[in-house]
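S.K.: Sending over a structure as structure tokens; questions will come in a sec.
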Amino acid sequence: AHEGRQLIDNPLVYTLSMAVYCTSWTFYGSVGLASEAGIAFLPTYLGPTLAALLFPFVLHKILRIAKTYSITSVADFLAARYGKSTALGGIATAVAMIAGIPYIALQLKALSASANVMLGLGDGEGILPFGIDSGFVIAIVMAVFAILFGTRHIDATETHQGMVLAIAFESIVKLTTFIAVGIFVTFFLYDGFDSIIQATRAAGHGDLLLMPEGWNYFDWFLMILLAGSVVFVLPRQFQVAVIENVDERHIRTATWAFPTYLLLINIFVIPIALAGRLGGIENGDLIVLFLPLEAAAPWLALVVFIGGLSAATAMIIVSTVALSTMISNDVVMPVLLRVEALQLTRRRHLSRLVITIRRASILLLLVLAYIFFQAVGAGYGLVGIGLIAFAAVAQLVPALVLGIFWRDANLVGALAGLTAGIAVWGVTLIVPALAKTGVIDPAILVDGFLGSPLLRPEALFGLDGLQPVSHALFWSITVNLLLLVGGSLLFQQDNLQRLQALLFVNIFEREGTTRIWRGDTRVAELHELLLRFIGREQAEHVLATDAYRRGHRLAMEERADAEFVQLVERHVARAIGAASARAMVASVVRGEVIGPDDILEILDEASQVIEYSHQLEERSRALEQAGAELKQINERLRQLDRMKDDFLATVSHELRTPLTSIRSFSEILIDNPDLELEERKEFLGIVVRESERLTRLINNVLDLSKIESGSMDWHVRDVDLVAVIDEAMAATRGLASELGATLERGAVPDQPALVRGDHDRLVQVAVNLLGNAFKFVPAKGGIARIGVTRDGADWVVGVEDNGPGVSLQYRDAIFEKFHQASESLKDRPKGTGLGLTICQQIVSHFGGRIWVEDAPLGGACFRFRLPALPAAQTRAAAE
Numbered sequence: 064a065h066e067g068r069q070l071i072d073n074p075l076v077y078t079l080s081m082a083v084y085c086t087s088w089t090f091y092g093s094v095g096l097a098s099e100a101g102i103a104f105l106p107t108y109l110g111p112t113l114a115a116l117l118f119p120f121v122l123h124k125i126l127r128i129a130k131t132y133s134i135t136s137v138a139d140f141l142a143a144r145y146g147k148s149t150a151l152g153g154i155a156t157a158v159a160m161i162a163g164i165p166y167i168a169l170q171l172k173a174l175s176a177s178a179n180v181m182l183g184l185g186d187g188e189g190i191l192p193f194g195i196d197s198g199f200v201i202a203i204v205m206a207v208f209a210i211l212f213g214t215r216h217i218d219a220t221e222t223h224q225g226m227v228l229a230i231a232f233e234s235i236v237k238l239t240t241f242i243a244v245g246i247f248v249t250f251f252l253y254d255g256f257d258s259i260i261q262a263t264r265a266a267g268h269g270d271l272l273l274m275p276e277g278w279n280y281f282d283w284f285l286m287i288l289l290a291g292s293v294v295f296v297l298p299r300q301f302q303v304a305v306i307e308n309v310d311e312r313h314i315r316t317a318t319w320a321f322p323t324y325l326l327l328i329n330i331f332v333i334p335i336a337l338a339g340r341l342g343g344i345e346n347g348d349l350i351v352l353f354l355p356l357e358a359a360a361p362w363l364a365l366v367v368f369i370g371g372l373s374a375a376t377a378m379i380i381v382s383t384v385a386l387s388t389m390i391s392n393d394v395v396m397p398v399l400l401r402v403e404a405l406q407l408t409r410r411r412h413l414s415r416l417v418i419t420i421r422r423a424s425i426l427l428l429l430v431l432a433y434i435f436f437q438a439v440g441a442g443y444g445l446v447g448i449g450l451i452a453f454a455a456v457a458q459l460v461p462a463l464v465l466g467i468f469w470r471d472a473n474l475v476g477a478l479a480g481l482t483a484g485i486a487v488w489g490v491t492l493i494v495p496a497l498a499k500t501g502v503i504d505p506a507i508l509v510d511g512f513l514g515s516p517l518l519r520p521e522a523l524f525g526l527d528g529l530q531p532v533s534h535a536l537f538w539s540i541t542v543n544l545l546l547l548v549g550g551s552l553l554f555q556q557d558n559l560q561r562l563q564a565l566l567f568v569n570i571f572e573r574e575g576t577t578r579i580w581r582g583d584t585r586v587a588e589l590h591e592l593l594l595r596f597i598g599r600e601q602a603e604h605v606l607a608t609d610a611y612r613r614g615h616r617l618a619m620e621e622r623a624d625a626e627f628v629q630l631v632e633r634h635v636a637r638a639i640g641a642a643s644a645r646a647m648v649a650s651v652v653r654g655e656v657i658g659p660d661d662i663l664e665i666l667d668e669a670s671q672v673i674e675y676s677h678q679l680e681e682r683s684r685a686l687e688q689a690g691a692e693l694k695q696i697n698e699r700l701r702q703l704d705r706m707k708d709d710f711l712a713t714v715s716h717e718l719r720t721p722l723t724s725i726r727s728f729s730e731i732l733i734d735n736p737d738l739e740l741e742e743r744k745e746f747l748g749i750v751v752r753e754s755e756r757l758t759r760l761i762n763n764v765l766d767l768s769k770i771e772s773g774s775m776d777w778h779v780r781d782v783d784l785v786a787v788i789d790e791a792m793a794a795t796r797g798l799a800s801e802l803g804a805t806l807e808r809g810a811v812p813d814q815p816a817l818v819r820g821d822h823d824r825l826v827q828v829a830v831n832l833l834g835n836a837f838k839f840v841p842a843k844g845g846i847a848r849i850g851v852t853r854d855g856a857d858w859v860v861g862v863e864d865n866g867p868g869v870s871l872q873y874r875d876a877i878f879e880k881f882h883q884a885s886e887s888l889k890d891r892p893k894g895t896g897l898g899l900t901i902c903q904q905i906v907s908h909f910g911g912r913i914w915v916e917d918a919p920l921g922g923a924c925f926r927f928r929l930p931a932l933p934a935a936q937t938r939a940a941a942e
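Residue numbers (this note's numbering): 64 to 942.
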């Protein structure tokens with residue numbers, strides 16, 4: 064058993080077991096449908112492919128709920144969610160049977176037909192030697208296999224390791240087989256895909272490559288929706304994807320691997336179908352088998368038969384195991400427990416009874432499927448039967464999906480929606496089928512129910528032009544959803560429903576929560592209950608597990624607490640389902656009964672605890688966010704501290720240099736009174752220039768301090784930016800000449816470029832930018848250019864140069880205080896790093912913005928924009 068579990072504890076084995084979705088419908092029926100309606104087979108596989116995107120959200124949640132609360136089937140899941148309702152579980156089981164029996168019949172039909180072909184029997188003969196029908200023999204063999212694989216243990220939540228491995232292996236067989244026959248047909252009977260397509264068009268069958276006749280896009284949407292939704296509720300899919308799962312992480316692989324499998328197994332459907340059509344094969348469902356036989360390749364026909372056998376048997380075994388569990392747990396056991404004459408609650412050994420019921424259910428299912436196959440199946444293709452079954456089981460989807468995401472969904476809504484939905488399905492699909500076979504009056508298809516054209520089964524309420532299954536799906540799911548939502552809004556949940564809704568919807572927050580318990584029962588009584596359903600060995604294992612968790616073993620005479628009761632109920636549920644387990648546990652409980660007010664009070668307390676927990680989570684997230692913000696602030700403070708140190712070093716350097724020059728040349732002048740006049744003038748000029756440099760440095764620091772403190776004295780008036788740049792050029796022309804650089808006047812408007820601002824401060828901005836440009840221009844051929852242009856509602860002043868430019872990493876940082884582009888003091892240009900910061904502060908004060916970009920001259924281009932004054936004021940200024 065341990066080795067088996069190790070083998071199935073593999074994401075690829077899990078994915079291959081999910082490929083039980085691909086039955087004989089896929090292996091034979093898709094080709095048959097494609098030979099008649101072309102690409103109409105695709106929605107059946109596009110739906111699951113899109114649904115796989117929801118596996119991490121929907122399937123993961125379903126899986127977590129099922130494992131936490133020992134769910135045994137999709138019917139048990141619904142019953143447990145809606146207050147452990149035996150009625151809902153029974154109806155869900157009935158719906159699954161209504162859908163499952165035709166689907167199993169579909170497999171029997173495929174197996175019987177393919178067996179007949181291999182045995183050389185004609186269509187409709189189907190009789191083996193001694194008068195034995197091949198379909199009946201197949202049904203019996205399948206029953207034996209299903210009983211051997213699926214009913215050896217009473218615990219329905221226990222993984223069937225042998226079955227899972229067999230299904231995974233069969234998935235490989237049917238995939239490789241189908242690809243093999245596809246390659247044979249496409250590349251050996253023909254010369255590739257193009258060859259088949261050209262032959263098809265030449266034969267006048269090109270319509271098979273287009274949208275099928277009678278279909279529209281709404282049909283496609285509904286069929287994709289149908290196929291995608293049933294992936295979560297088909298009994299066989301629920302069995303392999305949920306019950307047989309041993310590791311939630313396998314879902315991640317299935318999300319991409321399952322659609323990949325569907326893609327691979329459908330690559331050759333169209334080529335095989337077209338080849339069969341061209342070959343004149345009348346029975347489309349058996350094209351895959353006839354093509355190798357007609358090509359004198361009996362060995363390949365045998366391989367195909369084995370592939371089809373794998374596809375059908377996998378579905379039959381898993382479906383009958385899943386349905387037998389549902390029949391036993393959600394129909395038979397709840398009924399037997401209510402028959403007082405049987406006194407099942409007092410019988411010591413019930414495990415054998417449960418297993419017997421499941422085995423009998425498997426036999427019953429296959430007998431009913433065989434009867435359906437003989438009575439009705441001959442009149443329908445494989446795909447026709449499959450789609451009818453799909454539409455029926457899709458009625459379980461609304462109650463399941465809303466049940467795990469909407470807390471207010473209740474039992475009344477679920478019962479009403481499910482019952483009405485399956486009723487509409489019967490009216491829109493089964494009634495037409497019966498009318499067409501002559502079982503009931505065919506006139507109803509034209510006249511409608513009660514003689515009303517609006518009640519025609521195939522055009523209900525005047526909705527015409529859809530495919531029969533699309534039409535049935537639209538009305539049945541619409542009615543189902545409306546009644547589910549309406550019933551949930553109009554009626555209140557009872558206390559148990561409210562609790563179960565809370566547990567299911569909030570499974571990831573509430574997993575493992577102990578339920579409310581105020582009853583009185585002894586450990587010995589619950590131990591006896593375990594013995595009756597799971598046997599002595601398993602019962603002892605339950606007690607040992609509980610003792611390990613507690614750190615001590617409960618005495619038999621002790622009063623059972625809530626956790627132990629929940630543990631026992633969970634293990635009993637694995638054998639007989641959640642609803643019956645609740646009834647059995649209740650049968651051994653004595654003591655106080657909790658009234659509605661008590662339960663509401665407890666639920667209110669639980670809600671308060673949950674709310675408090677949510678608040679704590681929000682506070683934790685807020686603290687984490689605050690911590691991250693503090694970390695960023697600290698990092699910024701450290702950066703500013705480093706910049707401050709750099710600034711102090713720079714200022715010290717900038718102060719010391721002119722002071723040293725002033726002192727040195729002053730001492731020379733004092734110590735040498737006989738210096739020539741020219742030398743004396745030169746030295747005094749240096750003292751004056753260094754004093755001006757020192758003054759500018761101090762003014763920059765004072766200006767920035769005043770701006771940031773809000774004490775700057777602004778002289779606001781209308782300012783002409785053309786006059787500003789002319790004055791700035793005049794102030795820096797001497798610097799340009801000294802450096803041997805060229806100062807150019809760029810584009811300017813013919814009229815005043817008026818803005819609102821402080822003339823002197825804007826001149827200071829322009830001078831700073833020009834001075835900054837001259838620091839970086841090359842020693843020879845340096846160019847600085849300043850101009851002003853109109854941009855929408857703003858005037859833009861630009862100062863560009865042909866220096867090295869500013870790299871992207873520094874373009875925001877250079878406007879910060881103390882920042883200069885070079886990291887080393889040695890490489891930095893002269894200055895404190897405050898000039899651009901002062902420029903930004905002045906421009907921002909007047910509602911503008913300053914930035915740097917690449918210049919047409921090849922260097923940097925500093926631009927600042929300011930809001931232009933209205934045109935009337937500009938004209939007045941010009942006049």
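Quick reminder that beta carbons are idealized off the backbone N, C-alpha and C, glycines included.
For clarity, every value in this text was computed on a predicted model and none was experimentally measured.
Go ahead and pull the three-state DSSP assignment for Ala265.
M.R.: Three-state result, Ala265: helix.
S.K.: Going by beta carbon distance, what residues of the same chain come within less than 6 Å of Leu289, once the five residues before and after it are set aside?
M.R.: Result list for Leu289: Phe453, Ala457, Leu536, in chain order.
S.K.: Have a look at Leu75 and Thr316 and give me their C-alpha separation to the nearest angstrom.
M.R.: If you take the alpha carbons of Leu75 and Thr316, they lie about 7 Å apart.
S.K.: Name the one or two DSSP bridge partners that Trp858 has.
M.R.: Arg853, Leu929.
S.K.: Starting from the C-beta of Ala231, find all residues in its chain whose C-beta is less than 6 Å away, skip the five residues before and the five after it, and write them out in chain order.
M.R.: Excluding sequence neighbours, Ala231 sits near Val76, Leu79, Ser80.
S.K.: So, with DSSP's three-state summary, where would you put Leu806?
M.R.: In this structure, Leu806 counts as strand in the three-state DSSP scheme.
S.K.: At which residue ranges does the stretch 319-365 contain complete alpha helix (DSSP H) runs of 4 or more residues, listed in the order of the chain?
M.R.: List check, alpha helix (DSSP H) in window: 332-341, 350-357.
S.K.: Please check the pair Gly910 and Pro930, which I expect to be a contact at CB under 8 Å, by giving their CB distance rounded to whole angstroms.
M.R.: So it is a contact: roughly 5 Å between Cβ atoms.
S.K.: With H, G and I counted as helix, E and B as strand and the rest as coil, what does DSSP make of Asp737?
M.R.: Reduced to three states, the DSSP call for Asp737 is coil.
S.K.: What's the call for Met973, buried or exposed, on a 16-neighbour Cβ count within 10 Å?
M.R.: Residue 973 is absent from the structure shown; the chain starts at 64 and stops at 942.
S.K.: Where DSSP assigns a beta bridge to Cys902, which residues make up the other side?
M.R.: Answer is none; Cys902 lacks a bridge partner.
S.K.: Taking DSSP as the reference, what is the three-state secondary structure of Arg780?
M.R.: Looking at Arg780 - three-state DSSP - the assignment turns out to be strand.
S.K.: In angstroms, rounded to a whole number, what distance separates the CA positions of Ile657 and Pro531?
M.R.: Residue placement at Ile657 cannot be trusted, given a pLDDT of 47 that sits under 50; what the coordinates show is reported in the next sentence. For Ile657 and Pro531, the distance between alpha carbons rounds to 51 Å.
S.K.: Using DSSP with H/G/I as helix, E/B as strand and the rest coil, what is Glu572?
M.R.: Looking at Glu572 - three-state DSSP - the assignment turns out to be helix.
S.K.: Could you give the distance in angstroms between the alpha-carbon of Arg819 and the alpha-carbon of Leu732?
M.R.: Approximately 49 Å between the Cα atoms of the pair.
S.K.: Using 8 Å as the threshold, is the C-beta distance between Pro461 and Ile570 below it?
M.R.: Not in contact: Pro461 and Ile570 (Cβ atoms no closer than 8 Å).
S.K.: Rounded to whole angstroms, what is the Cα-Cα separation between Leu427 and Arg684?
M.R.: Spanning the two alpha carbons is a distance of roughly 56 Å.
S.K.: Could you pull out every residue in the same chain whose Cβ sits closer than 8 Å to the Cβ of Ile201, ignoring the five residues on either side in sequence?
M.R.: Correct list, in chain order: Leu171, Leu174, Ser175, Ala178.
S.K.: Based on DSSP bridge pairs, tell me the residues matched to Gly820.
M.R.: Per DSSP, Arg780.
S.K.: Measuring straight from C-alpha to C-alpha, what distance separates Ala338 and Gly101?
M.R.: So the alpha carbons of these two residues sit roughly 12 Å apart.
S.K.: Which value, in whole angstroms, describes the spacing of the CA atoms of Pro520 and Ala432?
M.R.: One C-alpha to the other measures close to 25 Å.
S.K.: For Ala847, which beta-bridge partners are listed by DSSP?
M.R.: Note: Ala847 sits in a beta bridge opposite Leu806, Asp864.
S.K.: Which one or two residues does DSSP pair with Trp914 in a beta bridge?
M.R.: Trp914 pairs with Arg926.
S.K.: According to DSSP, simplified to helix, strand and coil, what is Arg684?
M.R.: Helix at Arg684.
S.K.: How would you label Lys889, buried or exposed, when you count the other beta carbons within 10 angstroms and need 16 or more for buried?
M.R.: Residue confidence is low: Lys889 scores 43 on pLDDT, short of 50, so the model does not pin down where it sits. No coordinate-derived value is stated.
S.K.: Are Val830 and Arg874 touching if we call contact CB-CB under 8 Å?
M.R.: No.
S.K.: Does the separation of the CB atoms of Leu363 and Val244 fall below 8 Å?
M.R.: Contact: yes.
S.K.: Would you kindly report the start and end of the unbroken alpha helix (DSSP H) that includes Thr541?
M.R.: Looking at the DSSP string, the run of the alpha helix (DSSP H) that includes Thr541 is 531-553.
S.K.: Measure the beta-carbon distance from Val851 to Val785 and round it to whole angstroms, keeping in mind my assumption that it falls under 8 Å.
M.R.: The pair is a contact, with the Cβ atoms about 6 Å apart (cut-off 8 Å).
S.K.: Exposed or buried, what is Lys843 when buried is set at 16 or more other beta-carbons lying within 10 Å of its beta-carbon?
M.R.: Lys843 should be labelled exposed.
S.K.: Figure out for me which residue from Ile203, Leu416, Leu386 has the closest Cα to the Cα of Leu400.
M.R.: When only C-alpha atoms are compared, the closest one is Leu416.
S.K.: Reducing DSSP to helix, strand and coil, say where Arg312 ends up.
M.R.: Note: Arg312 maps to coil in three-state DSSP.
S.K.: Using the Cα positions of Glu742 and Gln814, report the straight-line distance between them to the nearest angstrom.
M.R.: Taking the straight line joining both Cα atoms gives about 49 Å.
S.K.: Taking the alpha-carbon of Asp864 as reference, which of Asp857, Val605, Arg470, Cys924 has the nearest alpha-carbon?
M.R.: Among Asp857, Val605, Arg470, Cys924, the Cα nearest to that of Asp864 belongs to Cys924.
S.K.: What are the boundary residues of the alpha helix (DSSP H) that Tyr480 is part of?
M.R.: First, the residue type needs correcting, since residue 480 is Gly and not Tyr in the sequence shown. Taken as a continuous stretch (DSSP letters only), the alpha helix (DSSP H) holding Gly480 covers 474-488.
S.K.: Rounding to the nearest angstrom, what Cα-Cα distance links Ile379 and Ile167 in this structure?
M.R.: About 6 Å.
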